[in-house]
Amino acid sequence: MDNDRIDQIIDKHHGEPSYLIQVLLDIQSEHHWLPREALERVAERLQVPLTRIQHIATFYKAFSLVPKGRHEIHICVGTACHVRGAPRVLDAAEELTGIKPGETDLDLKFSLQTVNCLGCCALGPVLEIDGKTHGKMSPGQMADVLKNYE
Amino acid sequence: MSLINSPAELEEFRKNVLSKRDPNKPCITLCSGSACNASGSLEVAAAIEEEIQKQGLSADVDIRRTGCHGFCERGPIVVIHPEEICYFNIVPKDVPEIVSETIKEKRVVERLLYTDPSTNEKIIHESEIPFYKYQERIVFGFNSKIDPKNIEDYLAIGGYAALAKALTGMTADQVLQEVKKANLRGRGGGGFPAGNKWEGSRNAPGDIKYVIVNADEGDPGAYMDRSVLEGNPHSVLEGLTIGAFAVGAHEGYIYVRQEYPLAVENVHMAIKKAEEHGFLGKNILGSGFDFKVIVHQGAGAFVCGESTALMTALEGRAGEPRPKYVRSNVVGLWGRPSVLNNVETWANVPLIINKGADWFTQIGTETSKGTKIFSLVGKITNTGLVEVPMGTPLKDIIFKIGGGIPGGKKFKAVQTGGPSGGCIPEDQLDLPVGFDELTAAGSMMGSGGMIVMDEDTCMVDVARYFLDFLTDESCGKCVPCREGMRQMLKILTNITQGKGKEGDIELLEQLSETAIEAALCALGKSSPNPFLSTLKYFREEYEAHVKEKRCPALSCKELIAFYIDPEKCKACMTCAKKCPSNAIISAKNQIHIVDQEKCTKCGTCFEVCPPKFRAVTKISGEPVPPPIPEEARTIVRESKQK
């Protein structure tokens, strides 16, 4: 991500340090992770110490300090999905991708993440890949869903 | 669009909007909330538009994409006005039939109607369907009538009349007194009276004050605030502006989860439209009152739902709570008086101003007034959002509205109040829902999550689940929460894995006591609730795990084994083909055996075994029977004998 784009985002938020989280969210959503150079640029422009930015980037779940895979798998482990069997769906996903929640595989194909509620409890257990929802999942269906992603 | 400068101009504008609308013109409304979108509502919307155009009806039919109707189990939902014909579980291929039959010929498409499971009767109108019939949807009901992106829809149902009344017909103090008299209690968790909170801010020193909408709905399994904000954002803005007027604030914030993109989009759009019409900005409705609203997105931290943590996050810092010796309504955002209420609380305010506190206090119980929206999820037939008057018995919500437990299973408990709440067992189902009633039962109202559990749910695992959630979300600032919870989770995890020891339960009780006494904020103080309430009502399950290494619900993975009953197995190979770890020893016409060494206990075999055989069973607390000898495995089929 180049500095011009980061500057644009900062300007959109009027260069206000109180908008720091909003700036980081915009960078995260466009770039899918927060490279160190980007954080340094933000620190310089907003006049906020880099340590504070790191505090925020590690405190909130939305941020990633490492590159993400091409496809982001979000498995809902909210209460409704949990009682409907989400842990077994998660086990199946871990087994098939070989990664644990929070990790990305070496080919940068999948990133696996658990989320706490996607708010479509009627469809639970729910899994979301790149924003597309797959409802009423069972461990046995996982392989069929994942094979559609390259 | 020119600004509306007075209540008279507002009424003139409203008349104009209404005069352009023909109540008899057919209108197709389609639920387009996040949950329905996930079930394919976007595709249905495209199909409706295409079909209307194809049949040349563009000028004769209105299409309205509304927010969430609440009956998520049956989404996407289509309602045809003015007849109010409801169709459920719509897919794009149903659309041509709906248009040619119902719109053109005025005939009902029977197969898309709701079928009452108890009588097998088809029901045409929303108001007759049990799910809706027993609700009282004073806040949530507007969702199905308006397109959240269209401010005219909100004006058509009387929107912003309360704002006009408050700003030009009442003093700030009168507004405050009305809300106090209504005894509106915060719908986000604690149930603190909103009027008192407002008054504290109003009387606090300082010229600059803030009002804030808490839309950081983090409770897993709860999504009512999202649905109100998505489906009816103007009602929240109107309530917030009235609150700002009462408190004397000129700046408001909406802190909304970044995980709710549609809510973020709709609220931005609503603010823009409200500004264009003069419901926000300078000199609102000619009253001289100025107010602006700023949206901040949360970056994913459950603790930010806590008032002081949320305000810290709004300041652009890590959202950690602070001790509340001085409440945030006196010293809050940027050290200034700040009123924070959640989405549903703000959405109630215009109703109270419009209809009066006397009307509002007629609904509900002695200490809990009005209605509450619950998100009814888990092992329940009718998953969805339900709004009922306070005081409605839990039993009515779960069985009359929710339709009971699916699959003929037995009800076990209902968990209310989110991770900090508790579980309520079957013998307490007559309990009327209300802030104080739920607290007395060892749970709490919280934001209104209601997760139903059946006989297959392990209560120890539920407690472990919530502790796991809270440990992950603990900000780490105070020791009882950071360290105590970690230890509690460790012990509970051990118990669910069959490694529980004598004395574990007592140790958990001690740790709970410490957290309740000494943690800094509500997250830590209430963290032992899930454990304490499940222990109170389901102690025998804890003891079975610890003493017998048995999971009575057959749910804890380490304590169960899958076993194929040789008497019932018909060697159909279904489980063997589906098993992801090749743990089924099988061959054609050979009774299948689960290789316990290889089995990962994913349960796939249990799910796929054809219901007519039901050969796969779960065993807990006793040894798995040895596999039958190889020579006895062959099945001789009757048809082959002949």
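So the protein sequences, as listed, match chains X and F.
When you read off a place in the first sequence, starting at 1, and then add 151, the result is the number in our numbering.
When you read off a place in the second sequence, starting at 1, and then add 28, the result is the number in our numbering.
For glycine and all other residues, C-beta sits at the position ideal for the given N, C-alpha and C.
- For G477/F, the enclosing beta strand (DSSP E) covers residues G477 to D482.
- Judged by DSSP in its simplified three-state form, Y142/F adopts strand.
- V321/F carries a strand assignment under DSSP once its states are collapsed to helix, strand and coil.
- Per the C-alpha coordinates, the member of C637/F, F319/F and E569/F positioned closest to K598/F is C637/F.
- With fewer than 16 neighbouring CB atoms inside 10 Å of its own CB, Y300/X falls in the exposed class.
- The three-state reading of DSSP puts I544/F in helix, counting H, G and I together.
- The alpha-carbon of Q202/F is positioned some 34 Å away from that of G246/F.
- As the crow flies, the alpha-carbon of M152/X is around 54 Å from that of A469/F.
- Using a Cβ-Cβ cut-off of 9 Å, R93/F does not count as an interface residue toward chain X, since no Cβ of chain X sits closer than that to its own.
- Between G328/F and E287/F, the gap from beta carbon to beta carbon is short of 9 Å.
- Taking a beta-carbon distance threshold of 9 Å, G270/X counts as an interface residue toward chain F.
- Across the structure, C268/X and T230/X are spaced so that their CA atoms are roughly 8 Å apart.
- The C-alpha of E223/X lies about 41 Å from the C-alpha of L457/F.
- In this chain, the alpha helix (DSSP H) harbouring R492/F covers M487 to E501.
- Judged by their CB atoms, I401/F and M252/F are nearer to each other than the 9 Å cut-off.
- For the C-beta of R254/F, the chain X residues within less than 7 Å are, from N- to C-terminus, G270.
- In this structure, L268/F sits near V239/F, with a CB-CB distance shorter than 9 Å.
- Under DSSP, H153/F takes part in a beta bridge, and its partners are I113/F.
- Taken in chain order, the complete alpha helix (DSSP H) segments of 4 residues or longer contained in the region 330–390 of chain F are 335–342, 371–383 and 385–390.
- Counting C-beta pairs with one atom in each stretch, the region 434–450 of chain F and the region 473–481 of chain F have three or more that are closer than 8 Å, which means they touch.
- Contact check for P349/F against L551/F passes: the beta carbons are separated by less than 9 Å.
- Here T521/F has R492 as same chain residues with Cβ atoms under 7 Å from its own Cβ, once five neighbours each way along the sequence are excluded.
- Per DSSP, V234/X is one residue of the alpha helix (DSSP H) stretching across T230 to V234.
- With respect to the C-alpha of E181/X, the residue from F214/X, D162/X and L241/X having the closest C-alpha is F214/X.
- DSSP lists I226/X and H285/X as the beta-bridge partner residues of L278/X.
- In this structure, the beta-carbon distance from I433/F to I452/F does not fall below 9 Å.
- Within the region 552–605 of chain F, complete alpha helix (DSSP H) segments of at least 4 residues are found at 557–575, given in chain order.
- Identification of chain X residues near G280/F by a Cβ-Cβ cut-off of 8 Å yields none; the smallest Cβ-Cβ distance measures about 15 Å.
- S86/F and G270/X have their C-alpha atoms some 34 Å from each other.
- In this structure the region 268–283 of chain F touches the region 306–317 of chain F; the number of beta carbon pairs closer than 8 Å is three or more.
- Per DSSP, I619/F is one residue of the beta strand (DSSP E) stretching across Q618 to V622.
- Across the structure, E372/F and E164/F are spaced so that their CA atoms are roughly 15 Å apart.
- Just measuring C-alpha positions, the residue of A581/F, M472/F, F463/F and K596/F sitting nearest G449/F is M472/F.
- Scanning I126/F, Y160/F, C549/F and S366/F for the CA closest to the CA of E101/F turns up Y160/F.
- Against chain F, the beta carbon of D242/X has neighbours under 9 Å at K585, T628, K629 and C630, listed in chain order.
- In the three-state DSSP reduction, P608/F falls in the coil class, being neither helix nor strand.
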